[in-house]
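Read the structure below first, then the notes.
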Amino acid sequence: MNKNYRNIKKCRSCGSKRLTKVISIGPTIIPNYSKKEKDIKIPLDLVLCKNCKLLQLKQTTNPCLLWNDNYGYQSGMNKSMTEEIKDIVKEIERIVKLKSGDVVLDIGCNDGTLLNFYKNKNIHRFGFDPSGNVLEIAKEKLKKYGTKNITLIKDFFAKEIFFKRSKQKAKVITAIAMFYDLDNPNKFVKDVYDCLDENGILVIQQNYLLKMIENNAIDNIVHEHLTYYSFTTLKKILDRHNLETFDIQFNNVNGGSFRTFIRKKCSNIGNNRYKIKNLENILKKEEKITKTSSYKKFVERTTKNLNKLREFLERETKKGKKIYIYGASTRGHTITSFLKLDNTLIGAAVDKNPFKWGKKISNTNIPIISEKQARKEKPDYFLALPWYFKNEFIEREKDFIKRGGKFIFPLPKMEIFPN
736 MNKNYRNIKK
746 CRSCGSKRLT
756 KVISIGPTII
766 PNYSKKEKDI
776 KIPLDLVLCK
786 NCKLLQLKQT
796 TNPCLLWNDN
806 YGYQSGMNKS
816 MTEEIKDIVK
826 EIERIVKLKS
836 GDVVLDIGCN
846 DGTLLNFYKN
856 KNIHRFGFDP
866 SGNVLEIAKE
876 KLKKYGTKNI
886 TLIKDFFAKE
896 IFFKRSKQKA
906 KVITAIAMFY
916 DLDNPNKFVK
926 DVYDCLDENG
936 ILVIQQNYLL
946 KMIENNAIDN
956 IVHEHLTYYS
966 FTTLKKILDR
976 HNLETFDIQF
986 NNVNGGSFRT
996 FIRKKCSNIG
1006 NNRYKIKNLE
1016 NILKKEEKIT
1026 KTSSYKKFVE
1036 RTTKNLNKLR
1046 EFLERETKKG
1056 KKIYIYGAST
1066 RGHTITSFLK
1076 LDNTLIGAAV
1086 DKNPFKWGKK
1096 ISNTNIPIIS
1106 EKQARKEKPD
1116 YFLALPWYFK
1126 NEFIEREKDF
1136 IKRGGKFIFP
1146 LPKMEIFPN
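Under this note's numbering, the first residue of the sequence shown carries the number 736, and numbering increases by one thereafter.
The following block contains the structure:
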């Protein structure tokens, strides 16, 4: 077996061996922000379970290659994400009246942004994250609450680890932008059930498969994202472990996400806000993404769109135009790999995170610089790889646009702004 990854033989959700390959991007380099580590290529092949209809990666990458002390993403770096996380906590506090001493648990807590938003200063905040660099930021951010009220654990979540540190169950458990990273979602959900108070809630927010297909979001296919959920496929896992959704909300986060509020089936918390309206319509709409033909069309559309982008970049470069990437993101790496972009077309990559400055996008020789430096160098175009932050980027770079600079948004369809 390859030490860097393994191929699954059965569905991660239902255990069926009836897996059909529907998308193949091929060997792709894992984003790496360490100057010492060598680039590693691992295939990205998506398979559809013919039994439960869960779309999932055929490959499971060694998690130590993905989550380590060189992890490149921080929730608090992005204004849009910070506001979204703040809204999640606000919604939670409307449902659960947290008292001093209550436990809240954030799984995949990253830099502590979510845990920081709870109003009650005397609750006990628990966070799990395997990446040491972001956990250090979380410790600094949360130290104002005192060591007795903060427990941050550098590890992957497991109930055994949680109960070694906590004498009581959690009133709130959050799993934001991480549920799709799970190789064993059944064990995770079972552990969450055991750690959740009888009248507690679980909140999961993640990318929504239907929107991924509609928005041609091929960039959502990355080594971290092992599973691609619809409400239909998520519901099957929850049902299996005596959990139910009492509210579901759809939003445009990261190109289209869904937020689910979940309780134990024996609980009545949230009864006064049971909001799953048009449930049958949601399930019916999702039927179209249970067919292999949907994914064939998806590949055709995205390939055509990204080839058009590549041609545009080549044409503008020949004219002497200076093009920089805006946002050296993990998801954007799928686009750079797909298009085989390098420093012959892209002068630099701009990122807000100082951790990435002075490094390069893997396998491209494209240097990563600060926004301040980029503005001094005055590129003609910013290729915005995190296209779903379009409004925030346009607002942030008003001066760049005012002097004649333009943004290139690669998805859902290539767009030049201003046109």
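C-beta: ideal position from N, C-alpha, C; glycine also.
Alpha helix (DSSP H) segment containing residue i, residue limits
i, result
"I820", "K814 to I830"
"K756", "No alpha helix (DSSP H) holds K756; the beta strand (DSSP E) holding it covers L754 to I764."
"R860", "No alpha helix (DSSP H) holds R860; the beta strand (DSSP E) holding it covers H859 to F863."
"I1129", "K1125 to R1131"
"Q984", "From DSSP, Q984 is part of no alpha helix (DSSP H) but of the beta strand (DSSP E) over L978 to N986."
"R998", "Per DSSP, R998 belongs to no alpha helix (DSSP H); it is in the beta strand (DSSP E), S992 to K999."
"I885", "Premise fails: I885 lies in the beta strand (DSSP E), I885 to I888, not in any alpha helix (DSSP H)."
"I1160", "This structure does not reach residue 1160, given that the chain is present from 736 up to 1154, and the question cannot be answered."
"L870", "G867 to L877"
"K1026", "No alpha helix (DSSP H) contains K1026, which DSSP labels as neither H nor E."
"K1141", "Careful: K1141 lies outside any alpha helix (DSSP H), inside the beta strand (DSSP E) at K1141 to F1144."
Straight-line gap, residue i to residue j (C-alpha atoms, nearest Å)
i, j, result
"I936", "N987", "23 Å"
"I1070", "H960", "15 Å"
"K1031", "I956", "15 Å"
"I997", "I1017", "17 Å"
"Y768", "N1100", "12 Å"
"N1168", "W1122", "Since the first and last residues shown for the chain are 736 and 1154, residue 1168 lies out of range."
"K1054", "D1115", "11 Å"
"L1074", "N1042", "7 Å"
"F861", "R1066", "28 Å"
"P1153", "I1136", "8 Å"
"C746", "K1107", "46 Å"
"C930", "Q984", "24 Å"
"K970", "N919", "16 Å"
"K878", "D804", "20 Å"
Option in the options with minimal Cα separation from residue i
i, options, result
"D890", "W802, L1076 and N1126", "W802"
"N951", "N989, I820 and N739", "N989"
"K1039", "I1024, K1148, S992 and I1129", "K1148"
"N1007", "I888, D982 and T886", "D982"
"N737", "N797, I760 and S1072", "N797"
"Q941", "F914, E871, E1132 and S1072", "F914"
"Y853", "V839, N1003 and D864", "V839"
"E828", "G1005, M816, K904 and E949", "G1005"
"E895", "T882, I872, A873 and K925", "K925"
"T995", "I911, K904 and E875", "I911"
Proximity of residue i and residue j at Cβ, strictly below 7 Å
i, j, result
"I1060", "A1084", "yes"
"S1097", "D837", "no"
"E1127", "K814", "yes"
"C799", "S748", "no"
"N884", "V869", "no"
"V757", "T1027", "yes"
"S901", "Y806", "no"
"T1037", "I948", "no"
"K793", "R753", "no"
"K1094", "I1104", "no"
"N1088", "M816", "no"
"T980", "E1021", "no"
Residue range of the beta strand (DSSP E) that includes residue i
i, result
"G935", "L931 to N942"
"C784", "K776 to C784"
"P1153", "Counting along the chain, P1153 falls outside any beta strand (DSSP E), and DSSP gives it neither H nor E."
CB-CB length for residue i against residue j, believed under 8 Å
i, j, result
"Y1080", "L1120", "It should be noted that the sequence gives Leu, not Tyr, for residue 1080. Actually they do not touch by this definition, with Cβ atoms about 14 Å apart."
"I823", "I908", "About 12 Å; that fails the 8 Å criterion."
"N855", "S835", "7 Å"
"I764", "K776", "5 Å"
"K1141", "I1129", "In fact, because the Cβ distance is near 11 Å, the residues do not count as touching under 8 Å."
"K946", "G991", "2 Å"
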